[in-house]
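Read through the structure below, which is laid out as structure tokens, and then see the notes.
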Amino acid sequence: MQIPWRAAPRAALSSPLTLLVSVVTALLLSFVVAAAVLHSAASGSAAVDYQRERLCEEALHPSLEATGIPHEHVAGKIQAVREAVPHHEPLIGTYVREQRADFGGLPTEAKFGYRPGATDHLQVLEGGAKDGLWVPKSIADTIGLELGGRGMGGRLPPVTAIYADQIDPLPEWWCSERHFVIPNVLDRDELATGVVWMPSAESFAALPPEIAGVTDMSVRFPADVPRTVDEAAALLAEGTARVAPLTGDYNRVVSPLVLPVENARQTVANVRSAVLGLTLISLLIGLAGVATVTVQWAQRRQSELRLLWVRGAGPLALGGRGVLELGLPLVVGGALGFGTARLLLPVYAPSEVLPPGTTTTAAVAVVVVVVLSLVVTLATGASRTHRMFQVAGRGNRLRKVLTAVPWELATTGLAVWAWDRVQHSGLSTTTKVGALPRIDAAALAFPLLVVLTAALVTARLARWALAASHRAELWSTPAAQLAIRRLAAGAGPVTGVLLVGVLAVGTMAVGTAIAGSQETALEVKSGMYTGANSYAQIPSEVTELPAALRGNSTIVGFVKQYDRTALVVDPRTFRDGAFPFEIDPALLDEPLRVGNVPRREVRLPGLPPIAPTAWVPTFPKLGTAGWVVPVDRISDRDEVGSWYVWSSRPLAEVTAALSADGVKLSRNLDEKSRAVQGLPFLTIQWTFGFVTALGAVLAVVASIALLLAVEVRRRQNALSGAFSTRMGLLPAAMLRSHLLELGAVAGAAVLVGLAASAVSSGFTVPKLDPAPRLTPGPQVPDVLPLLVTTAVGSVLVVLVAAWIAVRAVRSAKIGELIRG
Amino acid sequence: MGEHVLRLREVGVDYRTPAGAVTAVSDVSLDVPATGLTVLAGPSGSGKSTLLRVLSLVERPTRGGVELRGMGTARLSSGARRKLRRRDIALVLQNPADNLIGHLDVGDNLRAAAQAAGRVARVDELLAQLGLPGTAGWKVSAMSGGQQQRLSFGCALAREATVVLADEPTSQLDTSSADLVLETLADLARRGVPVVVASHDPRLIALADTRFDLRNGALAA
Numbered sequence: 001m002q003i004p005w006r007a008a009p010r011a012a013l014s015s016p017l018t019l020l021v022s023v024v025t026a027l028l029l030s031f032v033v034a035a036a037v038l039h040s041a042a043s044g045s046a047a048v049d050y051q052r053e054r055l056c057e058e059a060l061h062p063s064l065e066a067t068g069i070p071h072e073h074v075a076g077k078i079q080a081v082r083e084a085v086p087h088h089e090p091l092i093g094t095y096v097r098e099q100r101a102d103f104g105g106l107p108t109e110a111k112f113g114y115r116p117g118a119t120d121h122l123q124v125l126e127g128g129a130k131d132g133l134w135v136p137k138s139i140a141d142t143i144g145l146e147l148g149g150r151g152m153g154g155r156l157p158p159v160t161a162i163y164a165d166q167i168d169p170l171p172e173w174w175c176s177e178r179h180f181v182i183p184n185v186l187d188r189d190e191l192a193t194g195v196v197w198m199p200s201a202e203s204f205a206a207l208p209p210e211i212a213g214v215t216d217m218s219v220r221f222p223a224d225v226p227r228t229v230d231e232a233a234a235l236l237a238e239g240t241a242r243v244a245p246l247t248g249d250y251n252r253v254v255s256p257l258v259l260p261v262e263n264a265r266q267t268v269a270n271v272r273s274a275v276l277g278l279t280l281i282s283l284l285i286g287l288a289g290v291a292t293v294t295v296q297w298a299q300r301r302q303s304e305l306r307l308l309w310v311r312g313a314g315p316l317a318l319g320g321r322g323v324l325e326l327g328l329p330l331v332v333g334g335a336l337g338f339g340t341a342r343l344l345l346p347v348y349a350p351s352e353v354l355p356p357g358t359t360t361t362a363a364v365a366v367v368v369v370v371v372l373s374l375v376v377t378l379a380t381g382a383s384r385t386h387r388m389f390q391v392a393g394r395g396n397r398l399r400k401v402l403t404a405v406p407w408e409l410a411t412t413g414l415a416v417w418a419w420d421r422v423q424h425s426g427l428s429t430t431t432k433v434g435a436l437p438r439i440d441a442a443a444l445a446f447p448l449l450v451v452l453t454a455a456l457v458t459a460r461l462a463r464w465a466l467a468a469s470h471r472a473e474l475w476s477t478p479a480a481q482l483a484i485r486r487l488a489a490g491a492g493p494v495t496g497v498l499l500v501g502v503l504a505v506g507t508m509a510v511g512t513a514i515a516g517s518q519e520t521a522l523e524v525k526s527g528m529y530t531g532a533n534s535y536a537q538i539p540s541e542v543t544e545l546p547a548a549l550r551g552n553s554t555i556v557g558f559v560k561q562y563d564r565t566a567l568v569v570d571p572r573t574f575r576d577g578a579f580p581f582e583i584d585p586a587l588l589d590e591p592l593r594v595g596n597v598p599r600r601e602v603r604l605p606g607l608p609p610i611a612p613t614a615w616v617p618t619f620p621k622l623g624t625a626g627w628v629v630p631v632d633r634i635s636d637r638d639e640v641g642s643w644y645v646w647s648s649r650p651l652a653e654v655t656a657a658l659s660a661d662g663v664k665l666s667r668n669l670d671e672k673s674r675a676v677q678g679l680p681f682l683t684i685q686w687t688f689g690f691v692t693a694l695g696a697v698l699a700v701v702a703s704i705a706l707l708l709a710v711e712v713r714r715r716q717n718a719l720s721g722a723f724s725t726r727m728g729l730l731p732a733a734m735l736r737s738h739l740l741e742l743g744a745v746a747g748a749a750v751l752v753g754l755a756a757s758a759v760s761s762g763f764t765v766p767k768l769d770p771a772p773r774l775t776p777g778p779q780v781p782d783v784l785p786l787l788v789t790t791a792v793g794s795v796l797v798v799l800v801a802a803w804i805a806v807r808a809v810r811s812a813k814i815g816e817l818i819r820g
Numbered sequence: 001m002g003e004h005v006l007r008l009r010e011v012g013v014d015y016r017t018p019a020g021a022v023t024a025v026s027d028v029s030l031d032v033p034a035t036g037l038t039v040l041a042g043p044s045g046s047g048k049s050t051l052l053r054v055l056s057l058v059e060r061p062t063r064g065g066v067e068l069r070g071m072g073t074a075r076l077s078s079g080a081r082r083k084l085r086r087r088d089i090a091l092v093l094q095n096p097a098d099n100l101i102g103h104l105d106v107g108d109n110l111r112a113a114a115q116a117a118g119r120v121a122r123v124d125e126l127l128a129q130l131g132l133p134g135t136a137g138w139k140v141s142a143m144s145g146g147q148q149q150r151l152s153f154g155c156a157l158a159r160e161a162t163v164v165l166a167d168e169p170t171s172q173l174d175t176s177s178a179d180l181v182l183e184t185l186a187d188l189a190r191r192g193v194p195v196v197v198a199s200h201d202p203r204l205i206a207l208a209d210t211r212f213d214l215r216n217g218a219l220a221a
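Residue numbers (full-length UniProt numbering), protein chains in the order written: chain A, 1 to 820; chain B, 1 to 221.
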């Protein structure tokens, strides 16, 4: 290799600014690509995590349940399981059905069970030795049972512990056994008991025949909780294979991960396809940035390149000279971008957990991008030197063609097509119940295409306006005239900065608006669907709330006949417990018609005939159809279908308070966070969260481009500025002219970006509704914080750029400038 | 080598400008001898620099042909012209800094110039010939304008080119620096290296073995 090429990497040190810009450009470019890969993969982990929280962690591995087994067959079945799965110790629960049991006092219905380790996961109230029966407090209290007592004429082991009855929500260890250990007391009042736990499998097998009738059995396989899609899929596949030989002997195979794995994969596909478009646009902008850096390098090294060309070096070799000088900064920037993307994962990605191989994939993507950057540097260097020396003076046809092509018409066409997709399918259709909709990436691209079109139109209008600006005569305001002339002189960089600036602001605003709308929509829809943060069904005779729930809960009756639904509310407490919504409290004192139900009188079981005159559009739980009746209009509470406590407190607090007050609970309870499948909302939220992150990267690119444009023209500006000030232009006017020049670019970018995002978000947000049957629809959130942040950021960048320009003017020595 | 190292036949060069085509050189035919100092003389704008670029195969003429050592170059590809430039031509530009690579030291500049032509520079010998002994490790920026321009001719020498061409080599130098360059040119010519210089410097014109006067892009009668 010849000396000029060999010395090129060291020569890069002669221009720290080019070095810095190259590093930052490659950093941002690699960050975008690596972040896209990491974000998509992390969204799968987040989807797994979200669904895992809604499932029972203890039984994620496929498991088996058998009901109605003769008691004498249980031991054999347990043995069969152990033989079939020798390397994976199962956790087997066995439960006899409720039978009348005699403990020497009052007779009671009791259910006997055995599950290894059960006594380690119960709250002991009395005793605690593990060699005897563990009896729930409800039974002990009902029949006056004490420690040491022996049932069935002494054929049962002695009672060695009395434990607190289990209530919902159950701890993880128990959640899979909910149907066996939580009695449905509102369904069968006489079975208001928990399980009497036997001390061993042998003692369970030896239960007296009177109580050892039909037995139910659960076979779980404790396993590590999967954190990624691959782990979940592996657990599902391995577990399915593991239980396959046994399935014939069991009524039910519980495989809770089937749909979550499918959904998580769909989430990854959805997010990946949705972010792909913008990532590619960002990639193109980044590569254009690399090309711009190379052009500036070629300009700075023009005399050396000309010398080498005169001595016989070809354009390709000269492009290679550029690669050798700029390559190392690009590689370093690429590495830094990859590191930054990995480090900032918790900031922009929905999960920090990455499937194995993701980091490698991201690294490969970064390598590809760095190689692309090097190719762009080579090609740009070669073509630039070719045009500068080999075909000098012949003009740049490619540039003319690229500028003349109406790109904005193409993006407008794409936007119209995307809008058609939004109109027809919104997101897309769900293929099966509970499955995630396959999100239409084209539909999601609509708001971004609107922003891109706005950016292209703005750039073209700015170019035309600057070309025509020589007609402007504003010498009465020298600062404005100077600003316009400087803008016109730098028309190319100005329109470039404007384009990226509009795209950055618009992208950030669209991302924030849509992500925010989905987050709010999930929260509000869930709240309106459940009616409250948490709810639990209670007996009709409960009319007073426990002390712990007063002020934060309310009692609500629910009546349903066919498709007609009504709520019975307590006007005094309703707003304490119900999900917050806007309503005049006085309206609750009278019957209410909600939404689109007919105006005529209606009769529903348990309610008096009602013909409400007052109307509200929506109501918690009822949505947009139903009636609301004040509780004082009810004559017989037992006639009302069912009664609930609605609370703003977590479910665990509600059930604990009710249980402590002696209120019997059913299995009919839940809380807002689990009531609605939120994954479709979250998928859009994650997608547009990433869009926001990309917008922020573009904003950094635009800011750097603005500062660079000022720095590149520093010498030229310094000369003209120094002359102007020596000819009488006041320093304040000079500063004003720079502020006007840069402020016009930044202000236009912010205004157009925000306007484009407001229009596109306004049209898109109501259409991007993953659960249209639930009210209310998504609404554009308050974007004032973003507006303020963007404005402050823009002002700071403009101030710094203006300072650089004015400082250059003030420190300029005209003599040196002219001579140089 | 024959009697002439370079020959121009009815060469014309036009440039496109916003105001239309401008003819910079019109129907020039001349023969550059294979030895001695040839000067293209004329006032600014007479077309001598354009003609020098055509002679050095840096620029293709709009019309006419250029022969280097008897070989026509009109139909040669860009690659073939580069090959000829690499092997046979050394061009010294007007601004001394444009002839040197600023981030390389003096010795490496000579070596780089030689390498480009596929030759090996005898740095110390060359620097002694140029009257710049002991400067091999210097930065180029540490030299005066005259020293830089002499080093530029040193680079041309290091390339062992068939012909050395120089564009206004003294125009940006003070008198004493220009003297050093004139001395170098005379020395080159004495050693039999064909040198073609475009200049309007009377002292340089006075050194010419062969002289072509240009007026308005054409040879003066």
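Glycine is no exception: its CB is placed at the ideal position from the N, C-alpha and C atoms. This one's a predicted model, so the numbers in the text were calculated from it and none came from an experiment.
Under 8 Å between beta-carbons, which chain A residues line up against residue i? List them in chain order, please.
i, result
"D14(B)", "By Cβ distance, chain A contributes nothing, its closest Cβ being about 10 Å from D14(B), past 8 Å."
"A116(B)", "Q2, L308, R311, G312, A313"
Run down chain A in chain order and give the residues with a C-beta less than 7 Å from the C-beta of residue i.
i, result
"A112(B)", "Q2, I3, P4"
"N99(B)", "L307"
Go to residue i, then tell me how far its alpha helix (DSSP H) extends in each direction, as first and last residue.
i, result
"F338(A)", "315-343"
"R674(A)", "672-675"
"W5(A)", "3-6"
Identify which residue in the options has its Cα closest to the Cα of residue i.
i, options, result
"Y250(A)", "D230(A), D216(A), P256(A), A269(A)", "D216(A)"
"H179(A)", "A744(A), P355(A), V96(A)", "V96(A)"
"L474(A)", "A465(A), L466(A), I484(A)", "I484(A)"
"R86(B)", "R119(B), S44(B), L188(B)", "R119(B)"
"V676(A)", "T683(A), V195(A), G689(A), L522(A)", "L522(A)"
"I78(A)", "V219(A), D165(A), G153(A)", "V219(A)"
"K672(A)", "V691(A), Y562(A), S648(A)", "S648(A)"
"N263(A)", "R301(A), D49(A), S760(A), N552(A)", "D49(A)"
"L122(A)", "A164(A), R82(A), G149(A)", "A164(A)"
"V196(A)", "V74(A), P116(A), K400(A), F112(A)", "F112(A)"
Residue j and residue i - do their beta-carbons sit closer together than 8 Å?
i, j, result
"A198(B)", "L40(B)", "yes"
"residue 835(A)", "A756(A)", "Because residue 835(A) is not part of the residues shown, which for chain A are 1 to 820, the question remains open."
"V780(A)", "G762(A)", "yes"
"L694(A)", "T458(A)", "no"
"V645(A)", "Y535(A)", "yes"
"L188(B)", "V163(B)", "no"
"V524(A)", "A702(A)", "no"
Give me the chain B residues within the contact set of residue i, using Cβ-Cβ distance strictly less than 7 Å, ordered along the chain.
i, result
"G314(A)", "G79, R82"
"A11(A)", "H103"
Between which two residues does the beta strand (DSSP E) containing residue i stretch?
i, result
"residue 821(A)", "The question about residue 821(A) has no answer, for chain A in this structure spans 1 to 820."
"R252(A)", "252-254"
"W138(B)", "Where W138(B) is concerned, there is no enclosing beta strand (DSSP E), given that its DSSP letter is neither H nor E."
"H4(B)", "4-17"
So which residues of chain B does residue i contact, with C-beta pairs closer than 9 Å?
i, result
"S14(A)", "G102, H103"
Exercise for the section: Go through the region 57-112 of chain B residue by residue and report every complete run of the beta strand (DSSP E) that reaches 3 residues or more, in order. Expected result: 63-68, 89-92
Problem - alpha helix (DSSP H) runs wholly inside the region 642-668 of chain A, at least 4 long, in chain order - result: 651-660
Practice task
Enumerate, from N- to C-terminal direction, the unbroken alpha helix (DSSP H) stretches of 4 or more residues contained entirely within the region 748-818 of chain A.
Solution key: 784-810
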